[in-house]
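Numbering (my numbering), first residue to last: 77 to 237.
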């Protein structure tokens, strides 16, 4: 299931992503999901470099059947996660949907982004997770775009992010 989420994350964010991970899934998926979030966040941070010219902010409202997720991101160097999601059931097969929050927290911390994820509504946990991952990828795509009007400039009045 987590592989599926990463595949659609890459597809809908237009990210070139190839993840190879060996985890302690015999125990549970917690450390694997968290570690992938940390590594991906760090990869984004390295890929963005000095962040000159990026739009910095991105948001997306994503419907997935009966679910609707709202995701907003600020790639401003300050990690913070607001996660307002209450899924009606916790598991998709053997994957605990709560781990989506752990992925988001790890990703936010490693990238240094302010990340807000809200589930407006949703019933099917697969659709809830899919709406969140797709929404995150679309918001990140928007935030990482180069704005030709500010090319070469840091998107901050403070002089650093």
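All residues carry an ideal CB built from backbone N, CA and C; glycine is no exception. Being a predicted model, the structure only gives us computed values, none of them experimental.
Would you give the residue range spanned by the alpha helix (DSSP H) that residue 119 belongs to?
Numbered from 1 along the chain shown, position 43 holds the residue referred to as residue 119. Residue 119 -> alpha helix (DSSP H) spans 106-124.
Whole-Å CB distance - residue 109 paired with residue 196, under 8 Å assumed:
The sequence position of residue 109 within the chain shown is 33, counting from 1. The sequence position of residue 196 within the chain shown is 120, counting from 1. No, residue 109 and residue 196 are not in contact; Cβ-Cβ is about 23 Å, not under 8 Å.
In chain order, what residues of the same chain lie with their CB nearer than 6 Å to the CB of residue 203, ignoring the 5 residues before and after it?
To locate residue 203, count along the chain shown from 1; it is residue 127. Apart from the 5 residues on each side of it in sequence, residue 203 sits with its Cβ closer than 6 Å to the Cβ of 140, 141 and 143 in its chain, given in chain order.
Give the secondary structure of residue 196 by DSSP, where H, G and I count as helix, E and B as strand, and everything else as coil.
To locate residue 196, count along the chain shown from 1; it is residue 120. Note: residue 196 maps to strand in three-state DSSP.
Buried/exposed call for residue 164, threshold 16 Cβ in 10 Å
Within the chain shown, the letter at position 88 stands for residue 164. Here residue 164 is exposed: its Cβ has fewer than 16 other Cβ atoms, across all protein chains shown, within 10 Å.
Euclidean distance between Cα positions of residue 187 and residue 155
As a first step, residue 187 must be located in the chain shown, where it is residue number 111. As a first step, residue 155 must be located in the chain shown, where it is residue number 79. It is roughly 7 Å from the alpha-carbon of residue 187 to the alpha-carbon of residue 155.
Is DSSP giving residue 171 helix, strand or coil here?
Here residue 171 refers to the residue found at position 95 of the chain shown. For residue 171, the secondary structure class from DSSP, reduced to helix, strand or coil, is strand.
Taking the alpha-carbon of residue 222 as reference, which of 175, 168 and 151 has the nearest alpha-carbon?
Here residue 222 corresponds to residue number 146 of the chain shown, with the count starting at 1. Taking only the C-alpha atoms, the option nearest residue 222 is 151.
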